[in-house]
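First comes the structure, then the notes that go with it.
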């Protein structure tokens with residue numbers, strides 16, 4: 413039977429309302445708007461275990477909802493989320509994101525719950541793989557990402573930067589964004605990327621807000637306001653996506669990482685000789701990297717690991733390099749603990 417509410421507006425999603433479809437799906441956008449999809453049972457069954465079981469077990473009844481002569485399935489999920497999943501099944505390019513794009517995680521946050529609920533397993537696995545590839549899990553992968561960002565920033569072509577092309581040369585528009593990644597990792601249960609995402613968050617400033625930096629007001633251009641920061645490598649964060657749990661983890665991590673200063677400063681071995689200037693050089697590296705309030709331990713300790721042999725006729729550089737590498741590995745391995753992510 414036709415079962416509709418007079419005050420409801422039915423919106424057909426044009427490219428997902430297919431003339432040869434044999435099943436209608438309703439999903440509410442709000443209390444007065446319902447999205448209408450006309451799809452194929454066979455396609456839904458291929459992608460979704462739940463739909464496959466539903467269609468295999470379904471038996472027609474006089475009480476079934478009917479729309480345009482076809483049976484109706486009412487989905488009690490947000491219509492935009494449902495649309496995103498259906499679109500991914502029919503138009504795979506809709507979820508084809510550039511590698512490490514900052515919007516990837518943000519666009520997938522609402523797809524994962526629907527994909528899990530309705531057992532779109534193949535879709536879910538492919539999205540998980542894409543997401544995992546964007547974020548480092550090992551220190552080697554973190555270094556590769558950092559190098560990629562540095563190359564992007566410092567090796568851009570010698571061109572005039574203007575309001576039309578600045579996005580091409582600003583890392584913030586080409587590398588993954590931390591807050592949406594954290595939200596997706598929580599939603600999709602992919603905890604292995606959380607240490608790297610939280611460390612990226614730790615390196616960010618609360619004033620570097622993704623949404624504010626991109627929100628133009630009449631007579632004002634965000635390009636003019638933020639162009640120097642963007643071109644100098646500033647990375648913004650969708651701070652509004654973070655939960656109280658996330659902010660607590662961030663605070664916990666900041667305290668733990670700040671507390672490393674004294675023990676790390678005193679941790680270099682005593683068995684370096686007194687006939688070279690290694691101690692002075694080490695202090696130069698320390699002062700260059702670790703005298704600011706926020707310390708990038710992974711980057712700063714890399715300078716110790718990369719100390720060259722020039723000017724030395726002793727084994728002191730080997731000692732410093734070894735110690736720097738050991739401390740970097742310690743920081744990386746303990747990030748989960750610093751941010752309180754361990755279960």
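Residue numbers (my numbering): 413 to 755.
For glycine and all other residues, C-beta sits at the position ideal for the given N, C-alpha and C.
Express the C-alpha separation of residue j and residue i in angstroms, rounding to a whole number.
i, j, result
"residue 520", "residue 730", "46 Å"
"residue 736", "residue 553", "18 Å"
"residue 445", "residue 480", "18 Å"
"residue 434", "residue 486", "15 Å"
"residue 707", "residue 601", "29 Å"
"residue 567", "residue 639", "18 Å"
"residue 414", "residue 477", "Any reading at residue 414 needs caution, since the residue's pLDDT is 48, under 50, leaving its predicted position unreliable; the model's value is listed next. Their backbone Cα atoms lie some 6 Å apart in a straight line."
"residue 653", "residue 565", "27 Å"
"residue 555", "residue 468", "50 Å"
"residue 744", "residue 551", "6 Å"
"residue 591", "residue 420", "36 Å"
"residue 426", "residue 465", "27 Å"
"residue 720", "residue 538", "43 Å"
"residue 659", "residue 674", "25 Å"
"residue 624", "residue 424", "33 Å"
"residue 561", "residue 541", "21 Å"
"residue 447", "residue 491", "6 Å"
"residue 443", "residue 488", "12 Å"
"residue 504", "residue 496", "10 Å"
"residue 506", "residue 535", "12 Å"
"residue 746", "residue 595", "21 Å"
"residue 655", "residue 533", "27 Å"
"residue 645", "residue 582", "7 Å"
"residue 636", "residue 626", "11 Å"
"residue 563", "residue 422", "50 Å"
"residue 578", "residue 586", "12 Å"
"residue 622", "residue 470", "47 Å"
"residue 742", "residue 676", "11 Å"
"residue 528", "residue 728", "55 Å"
"residue 612", "residue 692", "31 Å"
"residue 715", "residue 557", "17 Å"
Got a sec, what are the start and stop residues for the alpha helix (DSSP H) residue i sits in?
i, result
"residue 710", "709-717"
"residue 740", "728-745"
"residue 545", "533-546"
"residue 433", "Where residue 433 is concerned, there is no enclosing alpha helix (DSSP H), given that its DSSP letter is neither H nor E."
"residue 657", "656-670"
"residue 528", "523-529"
If we call anything under 8 Å between Cβ atoms a contact, is residue i one with residue j?
i, j, result
"residue 593", "residue 642", "no"
"residue 649", "residue 616", "yes"
"residue 494", "residue 439", "yes"
"residue 605", "residue 697", "no"
"residue 603", "residue 597", "yes"
"residue 512", "residue 584", "no"
"residue 599", "residue 514", "no"
"residue 410", "residue 430", "This structure leaves residue 410 out entirely; the chain is present only between 413 and 755."
"residue 517", "residue 543", "yes"
"residue 614", "residue 662", "yes"
"residue 717", "residue 740", "yes"
"residue 449", "residue 530", "no"
"residue 607", "residue 734", "no"
Can you tell me where the beta strand (DSSP E) holding residue i begins and where it ends?
i, result
"residue 424", "421-429"
Buried or exposed for residue i, going by 16 or more other Cβ atoms inside 10 Å?
i, result
"residue 510", "exposed"
"residue 695", "exposed"
"residue 559", "exposed"
"residue 710", "buried"
"residue 454", "exposed"
"residue 589", "buried"
"residue 619", "exposed"
"residue 500", "buried"
"residue 508", "exposed"
"residue 459", "buried"
"residue 436", "buried"
"residue 712", "buried"
"residue 665", "buried"
"residue 750", "buried"
"residue 428", "buried"
Return yes when the C-beta of residue i is under 7 Å from any heavy atom of the ligand COA, and no when it is not.
i, result
"residue 528", "Ligands displayed in this structure: none; no statement on the ligand COA is therefore possible."
Chain D beta carbons: is any one of them nearer than 8 Å to that of residue i?
i, result
"residue 427", "The structure shown contains no chain D, having only a single protein chain."
For the region 442-520, which segments carrying the alpha helix (DSSP H) assignment without a break, of at least 4 residues, lie completely within its bounds, in sequence order?
453-459, 461-469, 491-502, 516-520
Output the residue ranges of the beta strand (DSSP E) runs that lie fully inside the region 567-630 and measure 3 residues or longer, sorted by chain position.
none
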